[in-house]
Every structure is written in structure tokens, then in C-alpha cells.
Amino acid sequence: MSTAQWVYENHLRTMGYDKTPDIILEVPVAVEGHIIHWIESKASFGDDQSHQTYLNEQFWSYWNRFGPGLVIYWYGFIGELDCQRDRGILLKDCFPTDIVTLCHATQQDKSPESQNKDEE
11 MSTAQWVYEN HLRTMGYDKT PDIILEVPVA VEGHIIHWIE SKASFGDDQS
61 HQTYLNEQFW SYWNRFGPGL VIYWYGFIGE LDCQRDRGIL LKDCFPTDIV
111 TLCHATQQDK SPESQNKDEE
């Protein structure tokens, strides 16, 4: 994933956004089978109290504006807190290595059969 696909927090603030994730992906990616649109990095341990505060004051707001996202707690988190995946907020303790990039098929990438179907 190149940095050209990322919109950084400072740039979003210049566009008028108040609280923003650290990174917004211009092209979403999949992590562990979940689509994500943004990444928030926390240089802390995710305990129950701090995570609930972040959920209420930041993460759900990001989800409402940008869609599902990923939170990385640098020093780990209580495993039971990773219970919002189906609702669109994933927790990790490091940057994921199993990222699947999503892209649109170009005309060259399409099979001859699908090109013929498009022309009909």
C-alpha cells in the first residue's frame, strides 16, 4: 500500500474536519476479511475505561463519517474489547501483515468473456 493512497490527519484538519483518524484510506483495504477505510493509532494499552471513552468520543464518529476502521493499540489491549468487528471497528496490537488491497478492474484486466458481456 503506497502512501499516495493515504490521507493524513493533518491534511484532513486543513479541510475542516475536527477529530479525525490518523489515516484515511482513499482506497479501502481488507484486514482479516473486514473492509477498513481508516486507521487510528494509539500509543497506549487498550483497557476497558480508555477504550470505551475512545469508542464514544472518537471511533463511532469516525465510523459514522468514514465507514469501518482499524484501531492499533501499540501496547496491546484486553482481548474482550475486540467485540465490534461485525459492526466495523477492528482492534490490533500491530500493523496488520495480511492486508488485501482492493482495486477496480481495468479494461485490460478483464477477461474476453466479460468484455463481450460489457459490450452487449
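Take 11 as the starting number for the sequence shown in the working numbering and just add one per residue. Where is the CB? At the ideal position from N, CA and C, for every residue including glycine.
At the C-beta level, P31 and Y85 stay beyond 8 Å of one another. In terms of Cα proximity to A40, the closest of L80, F55, N74 is L80. With respect to G98, P78 sits close: the two C-beta atoms are nearer than 8 Å. Secondary-structure assignment with DSSP links F105 through no beta bridge to anything. Taking 8 Å as the cut-off, the beta carbon of I33 is found no closer than this to the beta carbon of L100. Listed as beta-bridge partners of F87 by DSSP are G56.
Here the alpha carbons of I82 and F105 stand approximately 7 Å from one another. Here L112 is exposed. Its C-beta has fewer than 16 other C-beta atoms within 10 Å.
Each residue's CA atom was taken as its position, placing C93 and D58 some 12 Å apart. In the DSSP assignment, R75 falls within the unbroken alpha helix (DSSP H) covering 70–76. Taken through DSSP and simplified to helix, strand or coil, E36 comes out as strand.
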